[in-house]
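Residue numbers (the working numbering): 51 to 771.
The beta carbon of each residue, even a glycine, is placed where N, CA and C say it ideally should be.
Written below as structure tokens is the structure these notes are about.
In structure tokens form, the structure reads like this:
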């Protein structure tokens with residue numbers, strides 16, 4: 051019985067009736083039982099309705115809103131779909147190698163780990179994670195996200211797109227219920243449930259290049275806040291970035307043309323002797339100095355004394371005030387500001403000196419178009435950047451050891467080179483540049499890079515001054531180990547008088563890959579041994595070769611060979627003749643071609659101010675006929691001898707005309723020392739070097755080597771090298 055019935059039975063229990071009109075208690079109790087039964091039935095009905103409603107809510111409710119980096123706007127490139135285990139671990143893998151294009155996903159910047167919405171691929175549709183971006187040797191791979199890889203998870207899921215362009219700011223919802231989904235079979239559809247793209251676009255535009263709108267508002271004031279008649283012009287030029295308080299009052303401005311950050315800060319030193327105050331009439335922070343102490347003055351990288359320096363508790367100086375009224379922040383990073391200014395500007399950017407966290411000074415470049423600031427040096431301390439007169443190079447002071455204490459690099463970026471060649475000497479050429487001859491008689495040390503018997507084009511190839519190619523066996527550099535090579539053009543191994551030799555070199559792959567390794571020569575067998583194992587690299591034949599070191603003789607280990615960059619930075623003694631004029635004429639080489647390669651050798655030297663001597667050839671008796679010089683002369687007749695003698699003098703004249711200060715005429719020098727005799731050939735009298743100086747008509751004797759060393763030393767001393 052229910053509670054109502056029990057109460058009624060207690061109130062209307064059977065007993066004596068004192069009145070004939072007293073109600074029938076049994077009848078009344080029966081009515082309460084009916085009420086009780088009706089209430090129980092209604093409660094049961096309500097419980098059933100609640101359970102049904104709860105089931106409907108659970109079956110139709112959407113999970114919490116998630117995010118994806120971008121949504122698909124272009125059909126994917128050819129690919130293969132693998133469904134995993136009923137969708138768990140399902141992947142889409144590109145058929146070809148290469149990175150997944152951001153244009154496929156609404157122009158977004160893609161990276162491994164990004165969540166992406168795939169919505170144009172039918173049964174493959176869903177939410178994926180980019181598990182492999184892809185590159186030249188790997189395909190891209192998309193894997194279904196773990197929170198959307200089953201029917202229960204994927205059905206009715208909803209998400210917001212937070213990247214890209216067209217779909218950015220929109221929220222989507224899956225239109226199928228879990229019971230209607232078979233992963234990999236059902237073509238899932240998604241509908242837009244919210245569109246904030248217009249608002250999101252406005253935020254993006256307002257944010258500009260800053261990571262957040264808050265940072266943009268904190269560091270930038272629009273030009274509309276500038277008083278063009280006062281504030282804007284008061285800073286003396288076009289303001290690239292301005293700093294303002296909440297009222298729009300400017301307190302600092304960055305000039306794009308000279309890179310100087312000017313301020314309105316009012317500051318005083320700890321001694322009270324130095325103060326800065328903003329001058330409204332000039333727009334500069336002016337300096338008043340009444341008593342400067344040694345603590346207040348600190349030399350900065352440009353060599354100017356700082357009248358005020360701001361330092362933290364660790365002694366790191368974060369800003370300097372100079373006598374020109376400017377305040378320089380070289381440690382401060384605010385928006386695009388970083389670096390001690392006062393540098394130089396090219397057409398596209400500006401250069402500054404900045405102090406890094408290690409306390410060294412480096413050169414930074416600000417790109418005016420992109421707003422990106424990059425540090426272009428890393429070694430030593432560098433300062434005072436300026437752009438060369440041709441606008442192609444930025445030059446700066448450095449404490450690295452070079453004769454001029456200056457380095458340079460291209461304004462577009464790239465390797466650094468000393469502005470001036472070092473005083474260390476290197477000799478390039480054939481046998482006459484080996485340590486067997488004049489080099490051994492020099493008072494200064496000379497590093498020889500001469501190879502006996504080699505011609506000017508082979509010497510130029512070893513200097514990386516002219517193109518060099520070879521044939522790689524099988525058109526491929528293997529993943530590891532060595533590969534046979536042959537057909538070098540020019541032949542840098544020509545007349546190799548050693549059983550073994552080596553060069554460090556790079557071989558360029560078909561897709562532009564640079565494979566570093568060693569070229570080896572062992573008893574006539576040539577090979578290329580790559581430095582580190584990796585993927586096999588296809589190469590076109592003939593393949594491009596770039597020599598990166600000097601030569602090694604008697605060994606195939608080039609690890610100790612001097613780097614070519616070091617050799618090209620030295621003062622060079624260039625004797626790059628075709629091995630002999632006799633060979634040159636016989637091979638059909640023109641004097642113009644020989645001289646053009648010599649000019650390429652000089653151009654390949656890296657310093658902007660190149661220190662070198664170009665050694666002119668001499669006429670020895672090997673260029674006469676055997677009748678004129680028995681046992682020595684090699685010319686077939688007087689006509690051939692005259693041609694050889696004239697060619698030598700003509701080539702020397704070309705060298706002298708092009709490089710009057712750097713040309714050293716060995717022939718004229720030996721003649722002036724009295725080391726020649728006159729021979730009449732074809733009606734013309736010629737000074738020809740005698741046999742005491744050149745016993746075989748070509749190679750110098752001990753005395754001849756001493757004479758040549760003296761002539762070369764005089765040339766070095768004359769030029770101050």
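Asked: Rank 538, 746, 487 and 571 by C-alpha distance to the C-alpha of residue 511 and give the top, closest one.; Found: 538
Asked: Counting along the chain, where does the beta strand (DSSP E) carrying residue 652 start and finish?; Found: Not the beta strand (DSSP E): residue 652 falls in the alpha helix (DSSP H), residues 641 to 654.
Asked: What residues in its chain sit with their C-beta under 7 Å from that of residue 162, if we drop five residues either side in the sequence?; Found: 180, 181, 182 and 183
Asked: Which residue or residues does DSSP assign as beta-bridge partners of residue 6?; Found: Limits of the chain in this structure are 51 at one end and 771 at the other, which puts residue 6 out of reach.
Asked: What is the DSSP secondary structure of residue 435, reduced to helix, strand or coil?; Found: strand
Asked: To the nearest angstrom, how far is the alpha carbon of residue 352 from that of residue 771?; Found: With a pLDDT of 33 at residue 352, under the threshold of 50, the modelled position of that residue is not reliable, and no figure is offered here.
Asked: Buried or exposed: residue 225, going by 16 or more other Cβ atoms within 10 Å of its Cβ?; Found: exposed
Asked: Using a Cβ-based criterion (distance less than 6 Å to any ligand heavy atom), does residue 171 qualify as near the ligand ATP?; Found: Because no ligand of any kind appears in the structure shown, any question about the ligand ATP cannot be addressed here.
Asked: How many angstroms separate the CA atom of residue 436 from the CA atom of residue 465?; Found: 17 Å
Asked: Note down, in chain order, each residue of its chain lying with its Cβ closer than 7 Å to the Cβ of residue 608, except the 5 sequence neighbours on either side.; Found: 552, 553, 554, 568, 599 and 602
Asked: What are the boundary residues of the beta strand (DSSP E) that includes residue 615?; Found: Element bounds for residue 615: not the beta strand (DSSP E) but the alpha helix (DSSP H), 614 to 618.
Asked: Within a Cβ cutoff of 8 Å, which residues of the same chain sit near residue 456, ignoring the five residues on either side of it in sequence?; Found: 445, 446, 447, 448, 468, 469 and 470
Asked: Could you give the distance in angstroms between the alpha-carbon of residue 216 and the alpha-carbon of residue 197?; Found: 25 Å
Asked: Can the beta-carbon of residue 561 be found less than 7 Å from the beta-carbon of residue 589?; Found: no
Asked: According to DSSP, what are the bridge partners of residue 478?; Found: 499 and 624
Asked: Please report the residue range of the beta strand (DSSP E) in which residue 519 lies.; Found: 518 to 522
Asked: Quick check: the Cα distance between residue 172 and residue 136, rounded to an integer number of angstroms?; Found: 16 Å
Asked: List the whole-angstrom C-beta distance separating residue 419 from residue 400, where the pair is believed to meet the contact cut-off of C-beta under 8 Å.; Found: Residue 419 to residue 400, Cβ: 12 Å. No contact.
Asked: Give me whichever residues DSSP pairs with residue 470 in a beta bridge.; Found: 659
Asked: Between residue 119 and residue 174, is the Cβ-Cβ spacing less than 7 Å?; Found: no
Asked: When DSSP labels each residue in this structure, what does residue 749 get in the three-state scheme?; Found: coil
Asked: Under 7 Å between C-beta atoms, does residue 487 make it to chain D?; Found: Absent from the structure: chain D. Only one protein chain is present.
Asked: Rounded to whole angstroms, what's the CA-CA distance from residue 332 to residue 218? Just pull it up for me.; Found: Annotation note: pLDDT 47 at residue 332 (below 50); position unreliable, no value reported.
Asked: DSSP beta-bridge partners for residue 244?; Found: 221
Asked: Alpha carbon to alpha carbon, what distance is there between residue 759 and residue 648?; Found: 21 Å
Asked: Would you kindly work out how many angstroms separate the C-alpha atoms of residue 396 and residue 694, rounded to a whole number?; Found: 51 Å
Asked: Give the secondary structure of residue 761 by DSSP, where H, G and I count as helix, E and B as strand, and everything else as coil.; Found: helix
Asked: Between the alpha carbons of residue 713 and residue 479, how many angstroms are there, rounded?; Found: 15 Å
Asked: Cα-Cα, which of 131, 155 and 152 is closest to residue 144?; Found: 131
Asked: Keeping to the same chain, check which residues put their C-beta closer than 7 Å to that of residue 622; ignore five residues upstream and five downstream.; Found: 476, 478, 655 and 662
Asked: Can you give me the C-alpha to C-alpha distance between residue 619 and residue 514, rounded to a whole angstrom?; Found: 13 Å
Asked: If we count Cβ pairs, one from each stretch, closer than 8 Å, do we get three or more for the region 662 to 677 versus the region 715 to 727?; Found: yes
Asked: Closest by CA to residue 428, which one among 443, 410 and 438?; Found: 410
Asked: I'd like to know whether the C-beta atoms of residue 775 and residue 702 end up nearer to each other than 7 Å.; Found: Nothing about residue 775 can be reported from this structure: the residues present for the chain run from 51 to 771 only.
Asked: How is residue 489 classed by DSSP in three states: helix, strand or coil?; Found: helix
Asked: Quick check on DSSP: helix, strand or coil for residue 342?; Found: Confidence at residue 342 is low in this model, with a pLDDT of 36, below 50, so its placement is unreliable and no value can be given for it.
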